[in-house]
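Undergrad: When you number the sequence shown by full-length UniProt numbering, it's gap-free, plus one each residue, and the end is 235. Attaching a single structure in structure tokens format; questions to follow.
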Amino acid sequence: MGKAFDPLLIIEFIPTLIHYLGVTLEILAVSIFLGLILGVAAAIPRLFKIPFLNQLVILYVSFIRGTPILIQLFLVFYGLPAVLMIFNIDISKLDAIYFVIITYGISNGAGFSEIFRGAIRAVDKGQTEAAYSVGMTSGQNFFRIVLPQALRIAFPNVANSVIGSLKDTSLAFTIGVMDMVGRGDTLISATAHALEVYISLSIIYYAVVLLFEKIFKNLEKYFNRYQKVEISAAA
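Right, dumping it as structure tokens:
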């Protein structure tokens with residue numbers, strides 16, 4: 001059992017934990033960047049039905065969706081060094097944060113691939129036909145017509161995935177990464193005030209999520225700034 005609840009410790013713990021917020025945001029930013037790249041790459045075989053690669057991506061997305069992120073983290077942390085050792089490549093001494101970033105990059109990539117695939121398919125095919133009718137190439141049609149609209153359609157789901165990934169980063173401490181939760185774990189060991197630590201962590205995560213939601217809401221309004229004009233013109 002822990003010590004008696006002391007609300008004043010929450011005020012004391014928050015600044016200490018915020019000091020490690022940078023590590024959490026670093027994991028989030030890099031893994032989201034990798035996830036976006038992997039997501040686009042994984043969406044292409046699904047969109048164009050590329051033999052073998054299409055089935056491989058389906059298996060990849062299915063596996064990520066069907067397994068907990070914590071299990072994926074352990075598989076990468078313990079499995080990747082073991083596999084690479086077959087080729088005499090030793091990465092066992094790498095900082096644990098790299099394994100966390102790889103894991104979340106792979107996990108985000110699976111989600112983003114489905115988001116992008118659905119968004120691209122949601123773009124009216126009539127616009128592609130119109131682009132070809134005025135002499136645009138396939139590349140011009142994709143980058144100038146399809147992609148901008150697909151990004152607008154995908155943005156709300158991407159934003160939700162980013163927020164979800166932020167909360168998932170709290171598991172990084174399980175393999176020794178000293179992020180906010182990792183620092184909180186050491187505070188619990190040192191003070192035996194677990195409730196105060198977890199309340200402090202909840203406050204910080206909630207504040208960051210609220211900030212992200214505000215930013216994403218403003219960005220979504222910016223991306224949709226011409227939609228009202230189009231609707232008014234059509235009316």
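Glycine included, C-beta positions come from ideal geometry on N, C-alpha and C.
Of the choices Ile71, Ala194, Phe116, Leu147, whose alpha-carbon is the least far from that of Ala159?
TA: If we check each option's Cα against that of Ala159, Phe116 comes out closest.
Undergrad: In this structure, how does DSSP classify Phe87 when only helix, strand and coil are distinguished?
TA: Three-state result, Phe87: coil.
Undergrad: Is Val162 near Ile32, with beta carbons less than 7 Å apart?
TA: Yes. Within cutoff.
Undergrad: Quick check on Tyr20: does DSSP put it in helix, strand or coil?
TA: Coil at Tyr20, not helix or strand.
Undergrad: Taking the C-alpha atoms as reference points, what is the distance between Val229 and Gln127?
TA: Confidence is the limiting factor: at Val229 the pLDDT is only 49, short of 50, which leaves the residue's position unreliable, though a coordinate-based value still follows. Approximately 18 Å between the Cα atoms of the pair.
Undergrad: Does the Cβ-Cβ distance between Phe112 and Gly22 come in under 7 Å?
TA: No, these two residues do not count as a Cβ contact at 7 Å.
Undergrad: Using a Cβ-Cβ cutoff of less than 7 Å, which residues in the same chain neighbour Ile10 once the five nearest sequence positions on both sides are dropped?
TA: Result list for Ile10: Glu196, Ile199, Ser200, in chain order.
Undergrad: At which residues does the alpha helix (DSSP H) containing Val123 begin and terminate?
TA: Where Val123 is concerned, there is no enclosing alpha helix (DSSP H), given that its DSSP letter is neither H nor E.
Undergrad: Can the beta-carbon of Val177 be found closer than 7 Å to that of Ile102?
TA: Not closer than 7 Å, so no.
Undergrad: State buried or exposed for Thr67, treating a residue as buried only when at least 16 other CB atoms are found within 10 Å of its CB.
TA: So Thr67 ends up on the exposed side.
Undergrad: Would you mind sorting Met180 into buried or exposed? The rule is 16 or more other CB atoms within 10 Å of its CB.
TA: Classification for Met180: buried.
Undergrad: Could you name each continuous alpha helix (DSSP H) segment of 4 residues or more that falls completely within the region 116-169, going from the start of the chain to the end?
TA: Entirely contained in the region 116-169, the alpha helix (DSSP H) runs reaching 4 residues are, in chain order, 125-133, 147-168.
Undergrad: Less than 7 Å separating the beta-carbons of Val76 and Ala110?
TA: Taking 7 Å as the Cβ cut-off, Val76 and Ala110 do not qualify as a contacting pair.
Undergrad: Which same chain residues, not among the five before or five after Tyr182, have their C-beta less than 6 Å away from its C-beta?
TA: Before going on, a small fix: residue 182 reads as Gly here, not Tyr. Once the five neighbours on either side are set aside, the close Cβ partners of Gly182 are Phe173.
Undergrad: Classify Tyr78 as buried or exposed, calling it buried when 16 or more other Cβ atoms lie within 10 Å of its own Cβ.
TA: Exposed, by the Cβ-count rule.
Undergrad: Taking the C-alpha atoms as reference points, what is the distance between Phe223 and Ala119?
TA: For Phe223 and Ala119, the distance between alpha carbons rounds to 14 Å.
Undergrad: Work out the CA separation of Leu28 and Asp168 for me, nearest whole Å.
TA: The straight-line gap from Cα to Cα measures roughly 9 Å.
Undergrad: Is Gly105 buried or exposed, if buried means 16 or more other CB atoms sit within 10 Å of its CB?
TA: Buried, because 16 or more other Cβ atoms sit within 10 Å of the Cβ of Gly105.
Undergrad: Give the straight-line distance between the Cα atoms of residue 262 and Leu56, rounded to the nearest whole angstrom.
TA: Within the shown structure, residues of the chain are numbered from 1 to 235, placing residue 262 beyond reach of any answer.
Undergrad: Can you tell which of Asn157, Arg46, Arg144 has the C-alpha that lies nearest to the C-alpha of Arg121?
TA: Selected option, being the one with the closest Cα: Arg46.
Undergrad: Near Gln149, which residues of its chain fall below 7 Å by C-beta distance, leaving aside the five closest residues on each side in sequence?
TA: Same-chain partners within the cutoff: Val123.
Undergrad: Of the choices Ala43, Gln72, Ile71, Pro15, whose alpha-carbon is the least far from that of Ile58?
TA: Of Ala43, Gln72, Ile71, Pro15, the residue nearest in Cα terms is Ala43.
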